[in-house]
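Residue numbers (the numbering used here): 5 to 1191. Even for Gly, the Cβ is constructed at its ideal location relative to N, Cα and C. Right, one structure below, let's go through it.
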């Protein structure tokens, strides 16, 4: 491999295979051979076989020599020279000149190739033509539009600017040389297409037709129907959806193109040319448009399209639909057919729709009338389609007739041209005769008795009203008689009077409740019948209120749980109400308080129609009630319009609203309420009083007072008064010395008599006289301050305490008095850190508030404290939070009051080491109302020492505890180290994978536990290799070094910043060198590899070429100036490029030891220095010029 690399190095340096030639000194002082022909690059060696000779071919002796060469006179030498320039070289042996001389002819090496400078493969270095020339023959760029796959040499003709090259196109590109098919052209004018029929029927029976009145087939490309959606807010004069007709769609001459809903009737489907699933519901405006669809919805001017015809518009929501030909909302539940004379679309929908059947362009047919689908009748208005009508009429003088917009009142023949229903002319000829006699007019005002009548002409009238009769007078003209008739009818009156009063009607006197009828003769002789409905007022009469019945306002039968809200102002009785049912059903009707508690109910088998039910429930003044149905109604009538709260029952009560708001009224009609006859109860203390109707009462008793009602009648008020006495009693107490006695808000600690004023259950004074005796025997009390480490305990009496808190223990002293010991216990531990884990909040996973007995399942590797968590509550509530073992036994609990929203609660639950602990709540009440998540829970939540593995309802649920704060009762450390490393915990050193527990004594003398989890990673394996392999190259060559892939970082000592973090580098060493790479894997472990690269000069063919240390070149590489230092007797220095071309030659004077070369203008490359010494040796060195 090494020899092959040397061979390759020599090819660029010498240009071609080199030959060696030998010239010997011969007897008779001659060179043999004396004449030699060689090629440039060949080496000639002179051998001195005897005598003192030299070779002198210097330019000082032979100026015409292309180069100078030679050595000094000596014996037994060998001189070698490489000829790098063509030409004729003369030389001699100085001691024996001119007889001992020779000549060498160095010819240029023949280089075959293409010598035609016009060829693509012209070779300026070639000396003989080898017929290989290739001439331009086309475009070889595969991206050009004129690419020639057969061309071998590019002729510069490639065209690569793409665009539209058609000058008639709207997007013509003058710079384009290749047409890319993007040309667009102006659209031709739109054809005369318009809507001929439209239908919006039942269900999805919808369609519309486009009519082509021309004699040519029209391609519907670039035509579309643009529409807005009725549910949209985009009624602003701009379309919302642009719908193109199907690709390739056409409409034939004098034919229609039918677009239908895909779910329409098969009769419609049979005529379909296209289906579309979002046709109008009657209120979706639609336009027939022509042009290209804009990039976003805009008007026709900005969008460059035209509107050909309308059905509706894009301007405003019409409600149910648009009016057409005087028909309201005719675009809904109707079929529209264009009148036959209409020959083009109309860009004004108002004009096309019209206001009546005559001026409208459309004929409005009934719903589901599809008799015209699939064709359109077009017509031209002429004598066959126009309407002709003759009217002959005779009128009286002073009268007139109206035809169209004209009024005629004189004899003559008149012709009017109107617009017919089909859109053609309606020509009306009127032959009018006006009589000389005028018409007359009479008004009669008449009053008759009930049962009588009047006759006018042939008509008989017996009811009050205004009547008009037209009679013919003797001259034959109309006589108009207007009769204003009044019929005396019965009188109806409702009267309420006080008990003991009476009323007089005619000759009758009435003083009791009832209905009475009296007949009285009026002033004009008619019987006047008076119907009297008399009510004798009682404060206990029933009052009816609410909505009277189900015919007032509007409503329907309803099934569901709703109620009326009723407020009571005075003690009253809810007696009854009317219920309207759609069917026979057994229903329980309820009276509830305003908290939903049932106070009374009645179960009734109600039948269809109105049905009165009875409650007879006594209501308390100042209370609010609900009237409803148990479990929800079953088709009971309710009002949903015409409701107007409140509905008052005089001053007793009022229906104020419903559970569904003020727009609804539920179930209970014509409600009967009456004032309660039960007395009002009052309770006062002795010495107090109440006032009723001006009367003052201060003793227990039943009182009756009389008030005046709103109509002046007596109203009785019944009062039941209870007067509670003030009390007093003696309280004897004995306490131990040091104790206190508390009564009311007073504290007593010494013997004495004390008087305190308290309150009884009725709020009256209670005078307590306390006789206190303080026992002289001393009772003991003490404070016990204790601090223990976690896991320890203290004993006080028979009680053992191990949790922090304040504890009170009562012991019995020897003197019989209590000895109270108050223990303040503080539990401490080493200063451990706390951590938070679990779901962070409710945003992390969706869910809802729940009452379920759900809990989280926890595993613990070491004992820990569950210190706190965030809890979300739906309402204010008392909740007990629990920590249980895997059998459900409660280990610890705490009760908190929770409030709506988020709160952070303190638990301080001690979690032992173990598995499957339950963290939950006491759900026995069935009313928890805490938030839990139920979607995408990423179990497990692993803290290291504690892990939440799931929940009792599966891994889809997460219960109640969010952002849980845990304090492991140990310092938890997790370490990862690399093989060969170690960690120290206290006095222990660990270097293998495992779990380790170490115990220390904290500053507070409690145990400090350190729990260590150690993982040891193996040292990564790395291999290094090179191309070539083994890593031996020639000077100037490069070497590829590769190492194992997949490491995180790579560090190289190549000195090239670009090589860092690469697993493959390319190097250009100029001398033997050891390359080192260090790597880091994903575990943070390091590895190292190195490779030694050997660099050889690889120069062959010069036997005398040496590489002595006596030649130094610097700087190497160089960019501007190069210094060459040398030792020994040097005659000249030559520098060649890698093609073998001489760059510079310098002759060295005696004693000179250094030369400087200026290489600023040289190309960046490698160069060879040859130093020629007097002894004939040549020293070689390579340097590099960089740019």
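(Q) Helix, strand or coil, according to DSSP, for residue 374 in the structure here? (A) Taking the chain shown and counting its residues from 1, one reaches residue 374 at position 370. DSSP, reduced to helix, strand and coil, places residue 374 outside both helices and strands of the structure shown, so it counts as coil.
Q: May I ask you to verify whether the segment 610 to 617 touches the segment 574 to 585, counting CB pairs closer than 8 Å and requiring at least 3?
A: Three or more beta-carbon pairs separated by less than 8 Å link the segment 610 to 617 to the segment 574 to 585, which places the two stretches in contact.
Q.
Just to confirm, is the Cβ distance from residue 748 to residue 762 under 8 Å?
A. If you number the chain shown from 1, residue 748 lands on position 744. If you number the chain shown from 1, residue 762 lands on position 758. Yes, they are a contact pair.
Q | Close-in-space but distant-in-sequence residues of the same chain around residue 144 (CB under 6 Å, 5 per side omitted) | A | Walking along the chain shown from the start, residue 144 turns up at place 140. Taking C-beta separations shorter than 6 Å and ignoring five residues to either side along the sequence, the partners of residue 144 in its chain run 155 and 158, following chain order.
(Q) For a quick check, are the C-beta atoms of residue 744 and residue 758 less than 8 Å apart? (A) Residue 744 sits at position 740 when you count from the first residue of the chain shown. Residue 758 sits at position 754 when you count from the first residue of the chain shown. No, Cβ-Cβ distance for residue 744 and residue 758 is not below 8 Å.
Q. Straight-line CA distance for residue 476 to residue 442?
A. Looking up residue 476 in the chain shown gives position 472. Looking up residue 442 in the chain shown gives position 438. Rounded to the nearest angstrom, the two C-alpha atoms are 11 Å apart.
Q. Taking the Cβ atom as the reference point for each residue, do residue 1144 and residue 117 lie within a distance shorter than 8 Å?
A. Position 1140 of the chain shown, counting from 1, holds the residue named residue 1144. Position 113 of the chain shown, counting from 1, holds the residue named residue 117. It is not a contact, given that the beta carbons lie outside the stated cut-off.
Q: Given a cut-off of 8 Å, decide if residue 97 and residue 33 are closer than it, judged by their beta-carbon atoms.
A: Here residue 33 refers to the residue found at position 29 when the chain shown is read from its first residue. Here residue 97 refers to the residue found at position 93 when the chain shown is read from its first residue. The answer is yes: Cβ separation under 8 Å.
Q.
Please classify residue 864 as buried or exposed, where buried requires at least 16 neighbouring CB atoms within 10 angstroms.
A. In the chain shown, counting from the first residue as 1, residue 864 sits at position 860. Its Cβ being crowded by 16 or more others within 10 Å, residue 864 is buried.
**Q.** Residues sharing a beta bridge with residue 1162, DSSP
**A.** As a working note, residue 1162 is residue 1158 in the chain shown. Residue pairing from DSSP places residue 1162 in a beta bridge opposite 1125.
Q: Label residue 873 either buried or exposed according to how many other C-beta atoms from any shown protein chain fall within 10 Å of its C-beta, with 16 as the threshold for buried.
A: Within the chain shown, numbered from 1, the residue matching residue 873 stands at position 869. Buried: at least 16 other Cβ atoms inside 10 Å.
Q) Expressed to the nearest angstrom, what Euclidean distance is found between the alpha-carbon atoms of residue 1138 and residue 92? A) As a position in the chain shown, residue 1138 is number 1134, starting the count at 1. As a position in the chain shown, residue 92 is number 88, starting the count at 1. Distance between the alpha carbons of residue 1138 and residue 92 is about 20 Å.
Q: Quickly, what does DSSP pair residue 1185 with across the bridge? List them, please.
A: In the chain shown, the residue the question calls residue 1185 occupies position 1181. BP columns for residue 1185 point to 1173.
(Q) My parser needs the beta strand (DSSP E) runs of 3 or more residues fully inside the segment 189 to 252; what are they? (A) Correct list: 198 to 204, 210 to 216, 227 to 231 and 245 to 248.
**Q.** Start and end residues, beta strand (DSSP E) containing residue 1141
**A.** In the chain shown, the residue the question calls residue 1141 occupies position 1137. 1134 to 1141 is the extent of the beta strand (DSSP E) around residue 1141.
Q) Exposed or buried, which one is residue 1173 when buried takes at least 16 other CB atoms within 10 Å? A) Taking the chain shown and counting its residues from 1, one reaches residue 1173 at position 1169. That one is buried.
Q: May I have the straight-line CA-CA distance separating residue 1156 from residue 135, to the nearest angstrom?
A: Looking up residue 1156 in the chain shown gives position 1152. Looking up residue 135 in the chain shown gives position 131. Computed Cα separation, rounded: 53 Å.
Q | residue 50: first and last residue of the uninterrupted beta strand (DSSP E) it sits in | A | Residue numbering aside, residue 50 sits at position 46 when the chain shown is read from its first letter. Taken as a continuous stretch (DSSP letters only), the beta strand (DSSP E) holding residue 50 covers 47 to 51.
Q: Counting only the same chain and skipping the five closest in sequence on each side, list residues whose C-beta sits under 8 Å from that of residue 1135.
A: Walking along the chain shown from the start, residue 1135 turns up at place 1131. Closer than 8 Å at the Cβ level, and outside the excluded window around residue 1135, lie 1151, 1152, 1176, 1177 and 1178.
Q: Could you round the C-beta distance between residue 369 and residue 398 to whole angstroms and report it? I think they count as a contact, below 8 Å.
A: The sequence position of residue 369 within the chain shown is 365, counting from 1. The sequence position of residue 398 within the chain shown is 394, counting from 1. Contact flag wrong, Cβ pair sits at about 39 Å.
Q) Got a sec? Which residues, its chain only, sit under 6 Å from residue 445 by beta carbon, not counting five neighbours each side? A) Taking the chain shown and counting its residues from 1, the one referred to as residue 445 is at position 441. Excluding residues within five positions, the ones whose Cβ falls inside 6 Å are 484.
Q. Which same chain residues, not among the five before or five after residue 373, have their C-beta less than 6 Å away from its C-beta?
A. The sequence position of residue 373 within the chain shown is 369, counting from 1. Within the same chain, residue 373 has close Cβ partners 339.
Q. So residue 264 and residue 279 are in contact, right, with Cβ under 8 Å, and what is the actual spacing, rounded?
A. Here residue 264 is taken as the residue at index 260 of the chain shown, counted from 1. Here residue 279 is taken as the residue at index 275 of the chain shown, counted from 1. At roughly 5 Å, the Cβ-Cβ gap stays under 8 Å, so residue 264 and residue 279 are in contact.
Q: Alpha carbon to alpha carbon, how far is residue 202 from residue 648? Give it in angstroms, no decimals.
A: As a first step, residue 648 must be located in the chain shown, where it is residue number 644. As a first step, residue 202 must be located in the chain shown, where it is residue number 198. Distance between residue 648 and residue 202, taken at the CA atoms: about 44 Å.
Q: Report the three-state DSSP secondary structure of residue 846 (helix, strand or coil).
A: Numbered from 1 along the chain shown, position 842 holds the residue referred to as residue 846. The three-state secondary structure of residue 846, taken from DSSP, is helix.
**Q.** At least 3 beta-carbon pairs within less than 8 Å: the segment 1043 to 1052 vs the segment 985 to 1001
**A.** Result no; under three Cβ-Cβ pairs closer than 8 Å.
Q) Do three or more CB pairs link the segment 923 to 935 to the segment 830 to 841 at distances below 8 Å? A) Counting C-beta pairs closer than 8 Å gives fewer than three between the segment 923 to 935 and the segment 830 to 841, which falls short of the contact rule.
(Q) Quick test of the definition: if touching needs 3 or more C-beta pairs under 8 Å, does the segment 1048 to 1057 touch the segment 1119 to 1129? (A) The segment 1048 to 1057 vs the segment 1119 to 1129: no contact.
Q: Verify whether the separation of the beta carbon atoms of residue 420 and residue 432 is less than 8 Å.
A: For the purposes of this step, residue 420 is taken as the residue at position 416 of the chain shown. For the purposes of this step, residue 432 is taken as the residue at position 428 of the chain shown. Contact: yes.
Q. By DSSP, does residue 597 sit in helix, in strand, or in coil?
A. Residue numbering aside, residue 597 sits at position 593 when the chain shown is read from its first letter. Annotated three-state conformation of residue 597 is strand, per DSSP.
Q: Leaving aside the five residues before and after residue 245 along the sequence, list all residues of the same chain whose C-beta is less than 6 Å from its C-beta, in chain order.
A: Numbered from its first residue, the chain shown carries residue 245 at position 241. Once the five neighbours on either side are set aside, the close Cβ partners of residue 245 are 231.
(Q) Quick check: the Cα distance between residue 1171 and residue 1191, rounded to an integer number of angstroms? (A) As a first step, residue 1171 must be located in the chain shown, where it is residue number 1167. As a first step, residue 1191 must be located in the chain shown, where it is residue number 1187. Residue 1171 and residue 1191: Cα-Cα distance of roughly 14 Å.
Q | Sub-8 Å separation of residue 1010 and residue 833 beta-carbons | A | The sequence position of residue 1010 within the chain shown is 1006, counting from 1. The sequence position of residue 833 within the chain shown is 829, counting from 1. A contact, by the Cβ cut-off of 8 Å.
Q. CB residue 311 to CB residue 304, shorter than 8 Å?
A. For the purposes of this step, residue 311 is taken as the residue at position 307 of the chain shown. For the purposes of this step, residue 304 is taken as the residue at position 300 of the chain shown. In contact: residue 311 and residue 304 (Cβ atoms closer than 8 Å).
Q | Spatial distance of residue 1160 from residue 1068 (CA atoms) | A | Taking the chain shown and counting its residues from 1, one reaches residue 1160 at position 1156. Taking the chain shown and counting its residues from 1, one reaches residue 1068 at position 1064. It is roughly 39 Å from the alpha-carbon of residue 1160 to the alpha-carbon of residue 1068.
(Q) For a test of the three-state rule: what should DSSP assign to residue 723, helix, strand or coil? (A) Your numbering for residue 723 matches position 719 in the chain shown. If DSSP states are grouped into helix, strand and coil, residue 723 belongs with the strands.
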